[in-house]
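Note sheet for the following structure.
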Amino acid sequence: MRLKEITDYIESRYSLDLAYDWDNVGLVIGAEDARVERVLTCLDVDRAAIQRAVSSNADLIISHHPLIFKGIKKINSRSQKGRDILEIMRNGINVYCMHTNFDIATDGLNDHICKLLKLKSTSLIGITHEQSLCKIAVYVPKGYEDTVRDALSSAGAGHIGNYDSCTFGIDGTGTFRPLEGSKPFIGAKNSLEKVEEVKIETICTMSNVKAAVESVMRVHPYEEPAYDIYELVNKGEAQGIGRVGALENKMTLSELAREIKTILKLDFVKVCGDLGMPVENVAVVSGSGAEFICDAAKAGAQVLITGDVKYHQAQEALESGIAIIDAGHHGTEKHFSVLMKEFLEAGKSELSIEAFSGKDVFECL
Numbered sequence: 004m005r006l007k008e009i010t011d012y013i014e015s016r017y018s019l020d021l022a023y024d025w026d027n028v029g030l031v032i033g034a035e036d037a038r039v040e041r042v043l044t045c046l047d048v049d050r051a052a053i054q055r056a057v058s059s060n061a062d063l064i065i066s067h068h069p070l071i072f073k074g075i076k077k078i079n080s081r082s083q084k085g086r087d088i089l090e091i092m093r094n095g096i097n098v099y100c101m102h103t104n105f106d107i108a109t110d111g112l113n114d115h116i117c118k119l120l121k122l123k124s125t126s127l128i129g130i131t132h133e134q135s136l137c138k139i140a141v142y143v144p145k146g147y148e149d150t151v152r153d154a155l156s157s158a159g160a161g162h163i164g165n166y167d168s169c170t171f172g173i174d175g176t177g178t179f180r181p182l183e184g185s186k187p188f189i190g191a192k193n194s195l196e197k198v199e200e201v202k203i204e205t206i207c208t209m210s211n212v213k214a215a216v217e218s219v220m221r222v223h224p225y226e227e228p229a230y231d232i233y234e235l236v237n238k239g240e241a242q243g244i245g246r247v248g249a250l251e252n253k254m255t256l257s258e259l260a261r262e263i264k265t266i267l268k269l270d271f272v273k274v275c276g277d278l279g280m281p282v283e284n285v286a287v288v289s290g291s292g293a294e295f296i297c298d299a300a301k302a303g304a305q306v307l308i309t310g311d312v313k314y315h316q317a318q319e320a321l322e323s324g325i326a327i328i329d330a331g332h333h334g335t336e337k338h339f340s341v342l343m344k345e346f347l348e349a350g351k352s353e354l355s356i357e358a359f360s361g362k363d364v365f366e367c368l
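Numbers 4 to 368, taken from this note's numbering, label the letters of the sequence shown in order.
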């Protein structure tokens with residue numbers, strides 16, 4: 004399978020446009036036409052992950068944290084980063100990173116933690132994007148409607164709320180005259196043809212329209228398929244960093260902290276707040292989310308679950324009337340490798356995929 008087929012599939016759900024401007028996501032090392040059979044998913048492209056990718060003959064590493072985050076001026080053997088990049092390239096391994104786009108996207112890390120906690124009525128802490136939408140209209144000869152509908156749906160078009168495969172069909176008559184050099188599926192050269200056709204309309208995000216059109220082109224019987232793309236004024240799903248929702252049953256801050264330890268499989272968490280306080284409304288920001296303390300409080304959360312909280316940030320939380328459960332950067336994001344493995348297996352089952360767990364850089368003594 005070509006690498007581009009994999010990245011198109013990923014980006015149909017986790018668009019690169021969702022990432023913050025300061026982030027470095029997408030194909031970091033490699034070529035879109037590279038052949039890929041074995042994939043390693045991981046949180047960090049560190050020494051352990053690279054060694055595992057090499058020993059397992061992986062063609063592609065998909066990581067959450069970018070391999071190259073800040074600008075680098077040299078790639079050579081004098082630095083560990085340089086040696087890592089050189090080893091990756093020597094072994095013909097491609098590297099693809101999906102960071103804040105995976106945090107922000109629906110069914111990303113934040114939603115995963117919300118599901119583990121069984122939070123109800125979840126909403127965004129802050130909106131960063133509203134999807135731009137378009138309508139795709141494809142003209143198809145009778146008998147090929149389902150083939151084209153399936154192609155659109157498989158590429159992510161036709162998704163409205165909790166429904167997919169949403170299309171509308173209109174019967175009509177198409178006309179065309181095949182000219183010299185053409186290879187018509189229907190009709191003869193230099194003869195005007197009238198064909199019973201169906202106009203299939205569906206909605207699509209602008210970020211996904213290219214993949215949808217390419218999917219149609221692969222299955223459409225015509226040599227030159229006719230299609231239209233209309234930009235829409237109405238907006239699609241709002242997306243943003245962090246989530247806030249309600250627990251099914253109220254519990255104390257201490258009980259919630261123990262629940263987080265259990266569901267995230269952690270040895271410990273750090274807690275800031277009254278351990279006996281009753282908690283119902285919970286905010287979640289995976290990774291390093293202390294900057295969203297005030298936003299979480301304004302959204303009605305009584306506690307924020309995140310990582311990398313500093314001492315004075317915890318003081319700020321107390322002053323804002325919100326408790327903190329610091330489950331660690333690694334602790335709130337380590338499930339990325341398994342989530343990506345499951346996502347790839349659902350749509351690209353022919354790939355051999357390994358989820359590499361890795362280790363937290365910190366140990367508790």
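Cβ coordinates follow ideal geometry from the N, Cα and C atoms, glycine included.
In terms of residues, what are the limits of the beta strand (DSSP E) holding residue 214?
It is not in any beta strand (DSSP E) - residue 214 instead sits in the alpha helix (DSSP H) that spans 212 to 222.
Check whether the segment 271 to 285 and the segment 335 to 347 are in contact - that is, three or more C-beta pairs closer than 8 Å.
no
Distance between residue 66 and residue 98 (C-alpha atoms, nearest Å)
8 Å
Among 225, 115, 94 and 131, which has the Cα closest to the Cα of residue 151?
225
Beta-bridge pairing of residue 5 - partner residues as DSSP gives them
38
Give the straight-line distance between the Cα atoms of residue 91 and residue 60, rounded to the nearest whole angstrom.
11 Å
When burial is assigned at 16 or more other CB atoms within 10 Å of the CB, is residue 96 buried or exposed?
buried
Close beta carbons around residue 212, own chain, < 7 Å, minus the five adjacent residues each side
137, 139 and 232
Grab the span of the alpha helix (DSSP H) containing residue 58 for me, first residue to last.
50 to 58
Boundaries of the beta strand (DSSP E) in which residue 174 is found, first to last residue:
170 to 179
Taking one C-beta from the segment 323 to 333 and one from the segment 269 to 277 each time, how about it: are there three or more such pairs within less than 8 Å?
yes
Just verifying my parser: in three-state terms, what is the DSSP assignment at residue 94?
If DSSP states are grouped into helix, strand and coil, residue 94 belongs with coil.
Can you tell me whether residue 315 is helix, strand or coil according to DSSP?
helix
Proximal residues to residue 144 (C-beta, below 6 Å), its chain only, five neighbours per side dropped
Taken in chain order, the residues that qualify are 198 and 200.
Where residue 183 and residue 209 are concerned, what is the direct C-alpha to C-alpha distance, given to the nearest angstrom?
35 Å
From the DSSP output, in three-state form, read off residue 148 for me.
helix
Strictly by DSSP, which residues pair up with residue 142?
202
Is residue 88 helix, strand or coil by DSSP?
helix
Residue 47 classed as buried or exposed, judged by whether at least 16 other C-beta atoms fall within 10 angstroms:
buried
For residue 125, which of helix, strand or coil comes out of DSSP?
strand
Please confirm if the segment 76 to 85 is in contact with the segment 11 to 20, defined as three or more CB-CB distances below 8 Å between the two stretches.
no
Mind checking whether residue 117 and residue 29 have CB atoms under 9 Å apart?
no
Within its chain, find whatever has a CB closer than 7 Å to the CB of residue 249; leave out the 5 residues flanking it on each side and keep chain order.
122, 123, 124, 283 and 284
Would you say residue 64 faces chain B, with C-beta separation under 9 Å as the test?
Here there is only one protein chain, and chain B is not present.
Best match in 126, 109 and 205 for proximity to residue 153 [C-alpha to C-alpha]
205
Taking residue 130 as the reference, which of 23, 36 and 193 has the closest Cα?
23
Anyone know if the C-beta pair for residue 256 and residue 299 falls short of 9 Å?
Residue 256 places its beta carbon 9 Å or farther from that of residue 299.
Name the two residues that bound the continuous alpha helix (DSSP H) containing residue 297.
296 to 301
Buried versus exposed call for residue 54 [16 or more other C-beta atoms within 10 Å across all chains shown]
exposed
Taking only the alpha-carbon atoms, compute the straight-line gap between residue 134 and residue 126 and give it to the nearest angstrom.
Looking at the two C-alpha atoms, the distance is approximately 16 Å.
Would residue 291 and residue 310 qualify as a contact pair, given that the criterion is a beta-carbon distance under 9 Å?
yes
Could you tell me whether the segment 35 to 46 touches the segment 353 to 362, using the rule of 3 or more Cβ pairs below 8 Å?
yes
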